[in-house]
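What the sequence shown shows, in my numbering, is residues 710 to 913, in sequence order.
Structure, as structure tokens:
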Amino acid sequence: DEVIELMVAAIDHFCDKNRISGCHFLFVDPEWRLVMERHGFTSWLHHSYIWQNKGFRTFDDYLSVFNANQRRNIKRERSAVAKAGLRLDIVQGDEIPKSLFPMIYSFYSSTCDKFMWGSKYLTRKFFEQLYPNYCDRVVLVAAYREGDSRHPVGLSFCINKDDQLYGRYWGCFEEFDCLHFDACYYKPIEWGIGRGIQMFDPGA
710 DEVIELMVAA IDHFCDKNRI SGCHFLFVDP EWRLVMERHG FTSWLHHSYI WQNKGFRTFD
770 DYLSVFNANQ RRNIKRERSA VAKAGLRLDI VQGDEIPKSL FPMIYSFYSS TCDKFMWGSK
830 YLTRKFFEQL YPNYCDRVVL VAAYREGDSR HPVGLSFCIN KDDQLYGRYW GCFEEFDCLH
890 FDACYYKPIE WGIGRGIQMF DPGA
């Protein structure tokens, strides 16, 4: 506890000095959570929705677990994207054009400005440095107008490691019906099924 006490004191001092409103630790070990609570930290619990691959061979195979009404709704949502004249491309690693990496920040920043005040944690430099240092783990779902393969109107950002896929950030410059659902959920699941992904956490 003595080390933890010194660490908490250092964190408090750093936050005060830099006028930072608070410090958060995410997905901590349950035992460590109890220790931190004794030092004044408060637990924050929330639900996560995790997709697990139950041996699905195709996206239609996955849809078979839903009832007829649910299947119809999902197909309607996906068709709405196509009817809007959009095409979703999903690319990973070296397949990703270098020009897309600076754009990730623009989409991320746009979403933060619209919906998540105070949560713009990542910088443009962070996304730009993904290309030379980490692009083998990056999976992007890019929404393009038909006939345009250079200027995405929406982008979903995921990280892949082994048989796990994690989503978190997304953005669009124009509003399209059901694009969020397809780019952030359905398309990554479809891609994951084709590549043997066993778990997909789309993010909170």
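C-beta: ideal position from N, C-alpha, C; glycine also.
The C-beta distance from TYR853 to ILE783 rounds to 22 Å, too long to meet the 8 Å contact threshold. Excluding its 5 nearest sequence neighbours in each direction, VAL800 has C-beta neighbours in its own chain below 6 Å: LEU849, listed in chain order. Annotation: ILE720 to LEU735 spans about 15 Å, alpha carbon to alpha carbon. Where LEU754 is concerned, there is no enclosing alpha helix (DSSP H), because DSSP gives it neither an H nor an E.
The DSSP-derived three-state label of CYS887 is coil. In the assembly as shown, CYS732 is an exposed residue. Its beta-carbon has fewer than 16 other beta-carbons within 10 Å. Per DSSP, the continuous alpha helix (DSSP H) segment holding GLN838 begins and ends at 833 to 843. Residues VAL744, MET745 and HIS748 of the same chain have their beta carbon placed closer than 8 Å to that of ILE713, with the five preceding and five following residues left out of the count.
DSSP lists VAL847 and TYR875 as the bridge partner or partners of ILE868. When only Cα atoms are considered, PHE890 and TYR878 end up about 13 Å apart. Contact between the segment 805 to 817 and the segment 863 to 877 is present: three or more C-beta pairs spanning the two stretches fall below 8 Å. Comparing alpha carbon positions, the residue from SER752, LEU831 and LEU797 closest to ARG859 is LEU797.
Contact between GLY880 and TYR817 holds: CB atoms are separated by about 6 Å, below the 8 Å threshold. If the five residues before and after SER752 are omitted, its C-beta is found closer than 8 Å to the C-beta atoms of ARG742 and GLU746, all from its own chain and listed in chain order.
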